[in-house]
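Visitor: Counting from 34, one number per residue, gives the positions in the sequence shown under my numbering.
The beta carbon of each residue, even a glycine, is placed where N, CA and C say it ideally should be.
Just so it is clear, the structure is predicted and the values come from calculations on it, not from any experiment.
One structure follows; several queries about it will come next.
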Amino acid sequence: MTDERLAKEASVLMHTYEDYAGIRAKLLKEKEQSQDEIASISERIEDLIINAPTGDRDKKLHDEITKAKDKRKRLREKITETNFKVRDCEIQIKRVELETRLLLGGIIVDED
Numbered sequence: 034m035t036d037e038r039l040a041k042e043a044s045v046l047m048h049t050y051e052d053y054a055g056i057r058a059k060l061l062k063e064k065e066q067s068q069d070e071i072a073s074i075s076e077r078i079e080d081l082i083i084n085a086p087t088g089d090r091d092k093k094l095h096d097e098i099t100k101a102k103d104k105r106k107r108l109r110e111k112i113t114e115t116n117f118k119v120r121d122c123e124i125q126i127k128r129v130e131l132e133t134r135l136l137l138g139g140i141i142v143d144e145d
């Protein structure tokens, strides 16, 4: 393989790596934001229950609590999906690292 072709392939791999690393970072940020939102919703639910006047469990309060619980459930499902996407990005990053090692002429045994 010529030096020019080697440099071109290395550049493509570097950009691919950067793309996956960027996607992974974005997904982890989304996950953290969702976790923060879940904590906020849980606090809101607790406040609604604690601060409701005794015996005043009317339909509006019940609907508000149900709506908050549903949103919290959707966020948990989103986190599960995000975790899957993060793992997929990590696999792709490892693949690019391996391709880079092979391209540069040698397999380096991973210390992990």
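Going by DSSP in three states, D69 sits in which element: helix, strand or coil?
Guide: Shown here, D69 sits in a helix according to DSSP, grouped into three states.
Visitor: Whole angstroms are fine: how far does the CA of V129 sit from the CA of A54?
Guide: 11 Å
Visitor: DSSP state of L137, grouped into three classes?
Guide: coil
Visitor: Determine whether the beta carbon atoms of R109 and I71 lie at a separation below 8 Å.
Guide: With respect to the 8 Å criterion, R109 and I71 are classified as neighbours on the basis of their beta carbons.
Visitor: Whole angstroms are fine: how far does the CA of A40 sit from the CA of K104?
Guide: 49 Å
Visitor: For T149, which three-state DSSP category applies?
Guide: In this structure the chain extends from 34 to 145, so residue 149 is not present and cannot be described.
Visitor: Could you pull out every residue in the same chain whose Cβ sits closer than 8 Å to the Cβ of S75, ignoring the five residues on either side in sequence?
Guide: Hits under 8 Å: R105.
Visitor: Please look up how many angstroms separate the CB atoms of A101 and R134, rounded, as I've assumed it's under 8 Å.
Guide: Actually they are not in contact, since the Cβ atoms of A101 and R134 sit about 49 Å apart, beyond 8 Å.
Visitor: Buried or exposed: where does L131 fall if 16 or more other Cβ atoms within 10 Å of its Cβ makes it buried?
Guide: exposed
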